[in-house]
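S.K.: In my numbering, the protein residues as written are -10 to 348.
Here you go, one structure.
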């Protein structure tokens, strides 16, 4: 799974702008994973994550996946080839070579029948069946006919989809409300979506109109009211009116989360606040947005985690740490060959639970 995840991550960078048939399956995997990660992180930033503790997916040493509780005891017996986090009360699992959904008790809610299935967002989930992508509701009913070569998840009532080689947006009835015309299209966030048209990045509103005239060499989605954009080879931040809030002067920039954003000067990353002032000055080889109070950073050749004061709270020891902390856990990669592990906020690798099944 670790290798598949890394391959999907790398190929995913090409999915939005190409979507060739050769990459289609990897692109579907990437968009499903990216959709889940983006909205999991977004929910954490907004404080809208579920109040109750959801069972957390955990891979037993024999390769089977089940779910554990906050005490790291099994609550759903390991039995799946793959398992994902819960979203809107259901989780994607793989049984055999097909994917379906279970509820929080472990009962099958939608029988495994799909080659690819994305997490539920706003009551609908993207699935691949036959030769196209469509959307199902929580009863498993196909409510938007499979017809798309690629699709994102719903956000603020719309989902980006691809027909032929162009992307547009549908509403929850499946009606195309923004005509496919973009080479890439992102999630709607704070009323705007990032798109690429004729090689330039811009932002559209829900009518499909460009929100402001600026064109950028690259950009991120809006997060906490600001979006990172590239102008003249440097990154800065704009607000939802298109006004420059932080001047382009960084060599790279990540999204704001918990009021801070990782930016790169030369070869090193540091963190700034929303005024553009440096909040954490330590230089890192790489850095990711804060989630659950911690941010993954790379120091030398290894990855660890810092808190918002910049103090290292989990020593650099992992080969990769790209997954945000959720419910006190994060996924990391380490070893030779690389393998996927789950850690807690002490940095301890979680081993197979020794407590019995909790019902």
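For each residue, glycine too, the CB sits at the ideal point set by N, CA and C.
So what does DSSP say about residue 15, is it helix, strand or coil?
M.R.: Residue placement at residue 15 is flagged as unreliable, the pLDDT there being 44, under the threshold of 50; the coordinate-derived value follows with that caveat. Residue 15 sits in a helix when the DSSP states are folded into three classes.
S.K.: My understanding is that residue 157 touches residue 167, with C-beta atoms under 8 angstroms, so please give their C-beta distance in whole angstroms.
M.R.: Between residue 157 and residue 167, the beta carbon gap of about 5 angstroms places them in contact (Cβ cut-off 8 angstroms).
S.K.: Could you check if residue 238 is buried or exposed, using at least 16 other CB atoms within 10 Å of its CB as the buried criterion?
M.R.: exposed
S.K.: Does DSSP classify residue 286 as helix, strand or coil?
M.R.: In the three-state scheme derived from DSSP, where H, G and I count as helix and E and B as strand, residue 286 is classed as strand.
S.K.: Kindly indicate which residue of 134, 161, 130 and 209 has the alpha-carbon position closest to the one of residue 183.
M.R.: Taking each of 134, 161, 130 and 209 in turn and checking the Cα distance to residue 183, the smallest one comes out for 209.
S.K.: Taking 9 angstroms as the threshold (C-beta atoms), are residue 99 and residue 127 in contact?
M.R.: yes
S.K.: What residue range is occupied by the uninterrupted beta strand (DSSP E) comprising residue 328?
M.R.: 328 to 333
S.K.: Could you name the residues that DSSP lists as bridge partners for residue 76?
M.R.: 79
S.K.: Does residue 47 come out as helix, strand or coil in the three-state DSSP assignment?
M.R.: strand
S.K.: Beta-carbon within less than 7 angstroms of residue 165's beta-carbon, same chain only, minus the 5 sequence neighbours each way: which residues are those?
M.R.: Spatial neighbours of residue 165 in its own chain (CB-CB distance under 7 angstroms, excluding positions within 5 residues in sequence) are listed in chain order as 157 and 159.
S.K.: What is the DSSP secondary structure of residue 297, counted as helix, strand or coil?
M.R.: coil
S.K.: Please determine, among 76, 113, 222 and 79, the residue with the shortest C-alpha to C-alpha distance to residue 130.
M.R.: 113
S.K.: According to DSSP, simplified to helix, strand and coil, what is residue 292?
M.R.: The answer is strand: DSSP assigns residue 292 an E or B state.
S.K.: In the structure shown, what three-state DSSP assignment does residue 234 receive?
M.R.: Of the three classes helix, strand and coil, the one that applies to residue 234 here is strand, per DSSP.
S.K.: Assuming residue 178 and residue 201 form a contact by the criterion Cβ under 8 angstroms, report the distance between their Cβ atoms to the nearest whole angstrom.
M.R.: No, residue 178 and residue 201 are not in contact; Cβ-Cβ is about 16 angstroms, not under 8 angstroms.
S.K.: Under a three-way DSSP split, which group does residue 247 fall into?
M.R.: coil
S.K.: Considering only their Cβ atoms, is the gap separating residue 316 from residue 42 smaller than 9 angstroms?
M.R.: yes
S.K.: Among residues of its own chain, excluding the 5 on either side of residue 216, which ones have a beta-carbon nearer than 7 angstroms to its beta-carbon?
M.R.: 208, 209, 210, 226 and 227
S.K.: I need the DSSP call for residue 306, collapsed to helix, strand or coil.
M.R.: strand
S.K.: Does residue 337 pass the burial test, meaning 16 or more other C-beta atoms within 10 Å, or should it be called exposed?
M.R.: exposed
S.K.: Nearest CA to the CA of residue 257: which residue from 152, 122 and 271?
M.R.: 271
S.K.: Can you tell me the Cα-Cα spacing of residue 335 and residue 135, whole angstroms?
M.R.: So the alpha carbons of these two residues sit roughly 44 angstroms apart.
S.K.: What is the C-beta distance between residue 44 and residue 54, in whole angstroms, given that I count them as a contact (C-beta under 8 angstroms)?
M.R.: A Cβ-Cβ distance of about 11 angstroms is found for the pair residue 44 and residue 54, leaving them out of contact under the 8 angstroms criterion.
S.K.: Who are the Cβ neighbours of residue 70 in its own chain at under 6 angstroms, not counting the five residues just before and after it?
M.R.: 83
S.K.: Helix, strand or coil: which one does DSSP assign to residue 85?
M.R.: coil
S.K.: So residue 242 packs on residue 224, CB below 8 angstroms; how close in whole Å?
M.R.: 4 angstroms
S.K.: Cβ atoms of residue 249 and residue 268: under 9 angstroms apart, would you say?
M.R.: yes
S.K.: Using a Cβ cut-off of 9 angstroms (strictly closer), state whether residue 209 contacts chain D.
M.R.: This model lacks chain D altogether; it includes just one protein chain.
S.K.: Less than 8 angstroms between C-beta atoms, sequence neighbours within five positions excluded: which residues of the same chain meet that for residue 205?
M.R.: 189, 190, 191, 218, 219 and 220
S.K.: According to DSSP, is residue 129 part of a helix, a strand, or is it coil?
M.R.: coil
S.K.: Which of the three DSSP states, helix, strand or coil, is assigned to residue 58?
M.R.: coil
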